[in-house]
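Peer 1: Heads up, the sequence shown is in UniProt numbering, so the first residue is 1 and it goes up one at a time.
Before anything else, here's the structure in question.
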Amino acid sequence: MRDGSAQDVLPCLPVMLRLRGQRCVVVGGGAVAARRAASLVACGAQVVVVAPAMDPKLDELLIERAERGYEAGDLDGAFLVVIATDNPAVNQRVADEAAEAGVLINRADNAGAGDLTVMAHDRRGPLTLAVDTGQTSAAAAKAIRAELLEALDDDWITLLTEARPWRAKIQSSVPDDSERARRLRQLADDTAMQTLKHQGVSALRARLQAVAEGRADD
Ligand SMILES: C[C@@]1(CC(=O)O)c2cc3[nH]c(cc4nc(cc5[nH]c(cc(n2)[C@H]1CCC(=O)O)[C@@](C)(CC(=O)O)[C@@H]5CCC(=O)O)C(CC(=O)O)=C4CCC(=O)O)c(CCC(=O)O)c3CC(=O)O
Ligand SMILES: NC(=O)C1=CN([C@@H]2O[C@H](COP(=O)(O)OP(=O)(O)OC[C@H]3O[C@@H](n4cnc5c(N)ncnc54)[C@H](O)[C@@H]3O)[C@@H](O)[C@H]2O)C=CC1
Numbered sequence: 001m002r003d004g005s006a007q008d009v010l011p012c013l014p015v016m017l018r019l020r021g022q023r024c025v026v027v028g029g030g031a032v033a034a035r036r037a038a039s040l041v042a043c044g045a046q047v048v049v050v051a052p053a054m055d056p057k058l059d060e061l062l063i064e065r066a067e068r069g070y071e072a073g074d075l076d077g078a079f080l081v082v083i084a085t086d087n088p089a090v091n092q093r094v095a096d097e098a099a100e101a102g103v104l105i106n107r108a109d110n111a112g113a114g115d116l117t118v119m120a121h122d123r124r125g126p127l128t129l130a131v132d133t134g135q136t137s138a139a140a141a142k143a144i145r146a147e148l149l150e151a152l153d154d155d156w157i158t159l160l161t162e163a164r165p166w167r168a169k170i171q172s173s174v175p176d177d178s179e180r181a182r183r184l185r186q187l188a189d190d191t192a193m194q195t196l197k198h199q200g201v202s203a204l205r206a207r208l209q210a211v212a213e214g215r216a217d218d
């Protein structure tokens, strides 16, 4: 039962949602709705915002707008709904209809009663850093995210960016499971990192090519 309390003692599974082309409905058009809509658009979702009044920040986004109150049927075909109006009765009605239709729920007014939380996050190349405080403090999540980003060794970003194209090549060209696993591990292992740090990015590229071709033994 998603009542906002039972889940509080249970951990949540952190996941990465692939939203390209998925219909995501945002009910409400205030500051919270604008923030979540921007995050959804950034992931390639097809975003519909339903609200009688829209925050000007929504003007900057590629979204479909329904400038009116929520109506039955608004969730048809939706993968996810963000519930972010300032009217508790409307929020509850949308949550009930979403649960009935099996639509994933993010609730601004009562996160624990929904299916998912949007974490404080930032991206650097292929890397995503995300922080959740278990509904304790969005402000703390934001501050911790900034601290982690500050502490992050930028060489990880270079390493991941350089390693990324080789991954698919190894996946498709090495049929043996353990040899494939060995090469995939070598793509971002300590030797790769030390090569980058001490010999630079050209040496890393040479190392990664050797790894992909099975010419790197250590
Ligand atoms: C549970 C959760 C909702 C969920 O996603 O399910 C939630 C809840 C609440 N937020 C509140 C306030 C604000 N939140 C933000 C910003 C963000 N809030 C986000 C996430 C979450 N917020 C989830 C918690 C994650 C966790 O538990 O760690 C981020 C990460 C993602 C996003 O919102 O898109 C985004 C950071 C963006 C970044 O990283 O830059 C700002 C603006 C700012 O700080 O700039 C304000 C103040 C201004 C304002 O009111 O807007 C309040 C108090 C309401 C009140 O009573 O006044 C509650 C309710 C409560 O704390 O109980
Ligand atoms: N999770 C979070 O980060 C935060 C959550 N909150 C919660 O989220 C709610 C929304 O916060 P804000 O965006 O700041 O509110 P806001 O007051 O700026 O916006 C409320 C929006 O709801 C719309 N709305 C009202 N009735 C509607 C209906 N029947 N159908 C569709 N839309 C309707 C309004 O037109 C307006 O666009 C707050 O009431 C609070 O419960 C508030 C601050 C932060």
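All C-beta atoms in this analysis are idealised placements derived from N, C-alpha and C, irrespective of residue type, glycine included.
(1) Spatial neighbours of V32 within its chain, please: C-beta separation below 6 Å, excluding the five flanking residues on both sides.
(2) Less than 7 Å between the CB of P52 and some heavy atom of ligand 2, yes or no?
(3) With which residues is D122 paired in a DSSP beta bridge?
(4) According to the neighbour-count rule (16 or more other Cβ atoms, all chains shown, within 10 Å of its Cβ), is R18 buried or exposed?
(5) Would you list the residues sitting across from A66 in a DSSP beta bridge?
(6) Which residues bound the beta strand (DSSP E) around N106?
(7) Entirely within the region 5-35 and at least 3 residues each: give me those beta strand (DSSP E) ranges in chain order.
(8) Considering only DSSP beta bridges, list what V201 is partnered with.
(9) Indicate the three-state DSSP secondary structure (helix, strand or coil) for V174 in the structure shown.
(10) Regarding G114 and ligand 1, is the C-beta to nearest heavy atom distance less than 7 Å?
(11) Span of the alpha helix (DSSP H) holding L149?
Peer 2: To lay it out plainly:
(1) Reading the sequence shown from its first residue, position 32 is the one you call residue 32. Taken in chain order, the residues that qualify are A84 and A108.
(2) Locating residue 52 in the sequence shown gives position 52, counting from the first residue. Under cutoff, so the answer is yes.
(3) Taking the sequence shown and counting its residues from 1, one reaches residue 122 at position 122. DSSP lists L129 as partners of D122.
(4) Start at 1 with the first residue of the sequence shown, and residue 18 comes out as number 18. When all chains shown are included, R18 counts as exposed.
(5) Against the sequence shown, residue 66 aligns to sequence position 66. Beta-bridge pairing links A66 to V50.
(6) For the purposes of this step, residue 106 is identified with residue 106 of the sequence shown, where counting begins at 1. It spans L104 to R107 - the beta strand (DSSP E) in which N106 sits, taken as one unbroken run.
(7) 23-27
(8) The count along the sequence shown starts at 1 and reaches residue 201 at position 201. DSSP output for V201 lists no bridge partner at all.
(9) The residue given as residue 174 occupies position 174 in the sequence shown. In this structure, V174 counts as coil in the three-state DSSP scheme.
(10) Against the sequence shown, residue 114 aligns to sequence position 114. Checking every heavy atom of ligand 1 against the Cβ of G114, one is found closer than 7 Å.
(11) For the purposes of this step, residue 149 is taken as the residue at position 149 of the sequence shown. Start and end: A138 to A151.
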